[in-house]
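Novice:
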Amino acid sequence: MKDISKELQEFKEFKKNYKFEQKEIEEIDGIKYCDGISLIDEDGDELGDCEKWINVGYKLKGPHAKVLSNLFPYKFEFRGKQLSSIESFFQGAKFKDVEMQNYVLEYSGLDSNRIKVASDYNWRITGELYWQGKPVNRFSEEYDDLLDELYISAIQNPLYRNVLKKCDRYILHAMGETEKTETVFTRYEFEKQLNCLKDFLKGRD
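Start counting the sequence shown at 1036; every next residue gets the next number (this note's numbering).
(1) So what does DSSP say about residue 1070, is it helix, strand or coil?
(2) On a Cα-Cα basis, can you pick out the residue from 1209, 1216, 1235 that is closest to residue 1058?
(3) Taking the straight line between their C-alpha atoms, what separation do you get for residue 1070 and residue 1134?
(4) Look at the alpha carbon of residue 1169 and the alpha carbon of residue 1131, and state the distance between them as a whole number of angstroms.
(5) Thinking residue 1106 and residue 1145 are a contact (beta carbons under 8 Å), I'd like their distance in whole angstroms, please.
(6) Measuring alpha carbon to alpha carbon, tell me which of 1114, 1115, 1109 ends up nearest residue 1121.
(7) Would you call the region 1159 to 1174 in contact with the region 1183 to 1199, where contact means no fewer than 3 C-beta pairs closer than 8 Å?
(8) Please give me, in chain order, every unbroken run of the alpha helix (DSSP H) with length at least 4 that falls completely inside the region 1093 to 1150.
(9) Per DSSP, residue 1062 forms a beta bridge with which residues?
(10) Opposite residue 1089 in the DSSP bridges: which residues?
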């Protein structure tokens, strides 16, 4: 397993001083806009790419929208486990049972998202997620640290790393939930993490 501790520490220091301003989404006459640009294209579909931002979504149009999604099948190692996508972690964390969680980690993208129906545990009741049998409070600094390590592990995949490095616009996730009580990764958390990562990677090998 590659030692990511140095890059993880550098990222955490970078993130500590990172000035992040989330772009607002406003609704006018039933249409949502960001930076004055409609989130709906001329065909009535949600827009994935424009000159001001990249709207991440696995099913959206545009060269960047899909490949920046947590659902995209980037394989990488995290804490000794082989993950088939970033989403594998988020869905696996909803399983208390280690064996069941390990099965979920092998699924990528939409498959890992859909397999959550196999869990009889509702993290929203307790606020506790799990990694290899150990509870982690969703609202804790420990969870935030876990996510930093997750994404630094993910960017060891050279394809994912290059996709982020090549981004030259704000990374938006318009469909994301906004409340921590409702999701394991909010729109704000996602946008801050990916925008911070792309800026962190500028000029790095």
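C-beta atoms are modelled at their ideal positions from N, C-alpha and C, and glycine is treated no differently.
Specialist: With the structure as the only source:
(1) coil
(2) 1209
(3) 45 Å
(4) 8 Å
(5) 6 Å
(6) 1109
(7) no
(8) 1121 to 1127, 1133 to 1140, 1144 to 1149
(9) 1067
(10) 1084, 1206
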